[in-house]
Every structure is written in structure tokens, then in C-alpha cells.
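Report on the following structure.
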DNA sequence: GGTTCCAGATACCGATAGTATGTAATATAA
DNA sequence: TTATATTACATACTATCGGTATCTGGAACC
């Protein structure tokens with residue numbers, strides 16, 4: 194914890210408008226996509242002018258970046274909350290992937306984080322954020338399993354990315370599916386089998 | 194084959210400029226990305242004016258769409274060429290995934306088809322193209338294996354998408370990797386194991 | 001109580017996608 | 001052969017939008 198210096202009224206207001214801008218941006222970007230959303234519209238939705246927006250964020254990309262960070266942080270928190278409860282590591286992995294899959298079902302997450310973010314922020318920056326949040330959790334879990342000799346594969350980093358890619362893809366399918374309730378168990382089975390392929394037998 | 198009606202000189206010229214526009218677009222989009230590339234630049238590179246471009250393509254997105262179709266067709270052709278030679282179906286699958294992975298290593302393919310296309314064309318249209326070309330091959334192969342009772346999983350469509358997603362992700366990793374020669378065998382092993390998890394034992 | 005500083009507003013610029021219209025060349029029909 | 005229709009392409013213009021430079025009012029601080 195950093196020393197909680199008393200915030201001035203000004204700083205409070207400033208922070209509040211920053212949050213309002215973030216919320217407006219998330220909402221509009223998710224609803225219409227990044228390029229279809231004008232900076233002007235975001236500012237209006239947050240009830241400020243474009244000047245205020247440019248005071249808080251360097252440019253449109255920086256605003257989008259902040260939205261993505263926020264979404265990734267939220268997803269990671271949701272996953273961690275559920276996984277922490279599990280004592281067994283394989284169970285933790287299982288619960289974690291399921292929780293992440295659930296997080297991916299949020300339309301805003303799918304559209305902004307999975308679809309648009311890599312192209313807009315660039316793969317490098319995208320991976321930075323991903324590793325700092327949800328992907329980082331997965332990597333850590335797999336590395337831990339590897340240390341215990343429970344994972345029969347030498348590259349947890351590679352494996353985690355492959356798993357994450359699959360989960361994202363599957364989330365899109367589930368979201369687009371007209372019969373998700375029949376698709377869901379198949380997805381679970383496939384993931385189960387794949388994980389087993391890397392588990393010490 | 195449709196009846197090869199004699200082409201007039203005009204039609205030949207027209208087709209040639211269309212191809213020139215496509216080639217210029219592919220080159221520039223791949224080099225700088227979709228949004229960073231102006232319509233004007235594409236027209237100039239093809240040595241025509243923007244008017245000509247808008248004559249051949251409805252808008253910028255349609256131009257991009259055509260480029261993506263061309264790239265996907267090329268990839269599918271490369272995969273089919275290599276896979277057709279194999280008599281055994283599992284071998285065919287193996288060779289096919291490897292060939293597709295190789296196709297994904299083309300920077301233009303990675304950037305335009307994998308990264309930008311879903312966001313720009315929309316997931317629906319993207320899947321249409323994908324299913325018509327490389328993904329379609331994979332689905333067909335898996336369905337054939339399923340019919341033979343060789344595949345112990347009920348949803349070849351789902352599985353093929355999961356595999357394709359992984360391969361795309363892995364291609365990005367290989368491309369970014371500083372030591373692809375050490376990464377490659379690990380990738381091969383992982384894919385091998387995953388396929389085995391769905392193979393009749 | 002005057003000065004500094006900063007959140008936010010206003011006004012402007014440049015780039016670019018898209019449109020409306022014009023033109024010259026070729027195909028087609030009388 | 002001449003007249004008409006069609007087509008490929010060019011030119012000029014508009015609207016939108018991201019970004020910047022400049023300004024202002026009020027809170028914090030000496």
C-alpha cells in the first residue's frame with residue numbers, strides 16, 4: 194500500500210471524470226466498435242468536452258488501452274477469486290479455465306479484448322497486458338504444476354498460450370451458437386481431454 | 194467450368210487494373226495495416242486514381258475483403274496440395290496442419306487474415322471466407338475421420354475451430370520468437386499430443 | 001490576497017473516406 | 001457508317017474525425 198495522502202477536492206473531481214470517460218468509452222466501444230466510435234461521442238456520453246478527454250488521455254488509442262486494461266484486470270480478478278478456493282492444482286486449473294471461459298462470454302470482453310485489441314494496440318502491447326492479468330495466472334498455474342512434476346510438457350508458456358487461444362475461440366463459438374447448452378458439454382469434454390494429454394498419468 | 198466467352202480488349206484491361214489494385218492493396222495493407230493505409234496510396238501504387246479504385250470496389254472494406262479472400266484461397270491451395278498426396282487420413286491431417294502452420298508464417302497472412310480481418314470484416318463474414326477455404330479443408334478431414342470411426346469426438350466442427358485457433362496462435366509465437374528452431378519441435382509435440390487425445394486408441 | 005497551477009473548454013487544422021459528376025473510349029445497334 | 005448506350009476511369013468536392021494549440025476559471029498554496 195502506498196501512503197494514502199489525503200486527496201483534494203480537485204483530485205477527486207478529476208478522478209471522477211476520468212472514470213466517467215473510461216466507463217463511457219467502454220460502453221461505446223463495446224457497442225459500436227473502436228473505429229466506429231468517435232472521440233466526440235465518448236466525451237458527450239461522459240458529459241464533458243473533447244478537451245477534457247485529451248487532458249486525461251494522450252489519444253484515442255491510449256483511451257482504448259485503458260479500457261482494455263480495465264477489462265483484463267476484471268477478468269483476471271474473477272478467475273483468481275474462483276481458482277483461489279481450490280486446493281488441488283489440477284482442480285484449480287480446471288476451475289480457472291472455466292471461469293475464464295465465462296469471463297469471455299461478456300460481449301464487451303469478447304469484442305474489445307479478444308477481437309479488436311490485438312490489432313489496435315499491437316501484439317506486443319497486447320501480450321504485455323495479457324501476461325499481467327489473465328494469461329499470467331494461467332502461466333503461473335502451469336509452471337507450478339510443472340515444478341511438481343504433474344505436467345508432462347516442458348514449455349508451460351507455450352501451452353498456456355495455446356490453451357488461452359482455444360478458450361477465446363470457443364467463447365466466440367458459444368456466444369454465436371444458437372444452442373449453447375448442447376455445445377457447452379462438448380467444449381468441456383474437449384478441454385478436459387486436452388488437459389489430460391499433458392497430465393502425468 | 195463456365196463457358197470461356199472471348200474477352201474483349203476492354204475487359205482484359207479492366208481485369209488487369211483490378212488485379213493491379215488488389216496487388217497494391219495487399220502489399221500496402223500488409224506493410225502498414227488497414228487503417229494506416231489510405232485509399233489514395235493504394236490507387237497511386239496501382240498507378241490509377243481513386244476513381245478507378247471506387248469503380249472496381251464498393252469501398253475500402255470491399256477491397257480489403259478481396260485481399261483476404263485471395264490470401265485465404267492461396268493458403269488453402271498450399272495446404273490441399275500437400276495434403277492430397279497423403280493416402281492415410283491421419284497423416285493427411287498431420288501434414289495439413291503443418292502446411293497451414295507454414296502458411297501462417299507469411300507475415301501478410303498473419304497480419305491481415307489472422308489479426309485484422311475478423312475485426313474489420315466482422316466475425317460472420319470472416320468465418321464465411323474461412324470455411325470456404327482453409328478451415329473447410331480441416332473440417333472435411335475431421336468429418337471424414339469421424340465417419341471412419343477414427344475420431345473419438347462427436348463435434349468435428351468444434352474441434353477444427355479449436356485446432357485452427359491454436360495453430361494461428363502458435364504461428365504468431367513462432368514468428369515473434371527469437372529461437373524458433375527450439376520452439377518448433379515443442380509446438381509439434383504439443384499438437385501431436387492433442388491430436389492423439391482424439392484418436393481411436 | 002496575490003500567484004501558480006491545472007481541469008476542462010473552444011477554436012482550428014489536416015487527413016481521409018466517400019460521393020457526385022464529368023469525359024473519353026469502346027461496344028452495340030440502326 | 002453513324003448514332004446511341006455503356007463502361008472504365010478521372011476530377012472536384014464534402015463531411016467527418018482525430019489531434020493540437022490556445023484560452024479560462026477556479027481551487028490550492030505561499
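Protein chains in written order, with the numbering used here: chain F, 194 to 394; chain C, 194 to 394. We put the CB at the ideal spot given by N, CA and C, even for glycine.
Scanning its chain for C-beta atoms nearer than 6 Å, with the 5 sequence neighbours on each side dropped, one finds no residue around residue 354 (chain F). Residue 323 (chain C) and residue 329 (chain C) have their C-alpha atoms some 7 Å from each other. Annotation note: the segment 227–269 of chain F contains the following uninterrupted alpha helix (DSSP H) runs of length 4 or greater, listed N- to C-terminal: 232–238, 243–249. With fewer than 16 other Cβ atoms from the protein chains shown falling within 10 Å of its own Cβ, residue 206 (chain C) counts as exposed.
Taking a cut-off of 8 Å for Cβ pairs, the segment 254–262 of chain C and the segment 273–293 of chain C do not touch, as fewer than three such pairs fall below it.
Residues of the same chain with a CB within less than 8 Å of the CB of residue 221 (chain C), apart from the 5 flanking positions on each side, are 230, 234, 235, 238 in chain order.
The Cβ-Cβ distance between residue 297 (chain C) and residue 307 (chain C) falls below 8 Å.
Cβ-Cβ separation between residue 366 (chain F) and residue 376 (chain F): approximately 7 Å, consistent with a contact (criterion under 8 Å). Within the same chain, Cβ atoms closer than 6 Å to the Cβ of residue 275 (chain F) are found at 288, 292, the five residues on either side in sequence being excluded. Residue pairing for residue 344 (chain C): DSSP places it in a beta bridge opposite C:392. Here the C-alpha atom of residue 243 (chain F) lies approximately 11 Å from the C-alpha atom of residue 252 (chain F). Looking only at C:268, C:362, C:209, the smallest Cα-Cα distance to residue 240 (chain C) is reached by C:209. Annotation for residue 364 (chain C): 294, 297, 298, 303 place their beta carbon closer than 7 Å to its own, counting only its chain and skipping 5 residues before and after. Counting along the chain, residue 323 (chain C) sits inside the alpha helix (DSSP H) bounded by residues 316–325.
In the displayed model, residue 207 (chain F) falls within a helix according to three-state DSSP.
For residue 308 (chain C), the chain F residues whose C-beta falls within less than 7 Å of its own C-beta are 311, 312, listed in chain order. Take residue 338 (chain C), set aside five residues on each side of it, and the residues of its chain with a beta-carbon closer than 6 Å to its own are 282, 344, in chain order.
With a threshold of 8 Å between beta carbons, residue 336 (chain C) makes no contact with chain F. With respect to the 8 Å criterion, residue 357 (chain C) and residue 331 (chain C) are classified as neighbours on the basis of their beta carbons. Here residue 319 (chain C) really is in contact with residue 310 (chain C); their C-beta atoms are around 5 Å apart, less than 8 Å. At least 8 Å separates the CB of residue 332 (chain C) from every CB of chain F.
In this structure, residue 390 (chain C) sits near residue 389 (chain F), with a CB-CB distance shorter than 8 Å.
Residues of chain C with a Cβ closer than 8 Å to the Cβ of residue 366 (chain F) are, in chain order, 351, 354. The DSSP-derived three-state label of residue 298 (chain F) is coil. Rounded to whole angstroms, the separation of the alpha carbons of residue 269 (chain F) and residue 254 (chain F) is 22 Å. In the structure shown, residue 311 (chain C) falls within a helical segment according to DSSP collapsed to helix, strand and coil. If you check the CB distance, residue 214 (chain F) and residue 246 (chain F) come in under 8 Å. One thing to note: residue 327 (chain F) has its Cβ within 8 Å of the Cβ of residue 272 (chain F).
Proximity of residue 287 (chain F) to chain C, defined by a Cβ-Cβ separation below 8 Å, is not satisfied. In this structure residue 301 (chain F) is not in contact with residue 217 (chain F), their Cβ atoms being roughly 13 Å apart against a cut-off of 8 Å. Between residue 387 (chain C) and residue 387 (chain F), the gap from beta carbon to beta carbon is short of 8 Å.
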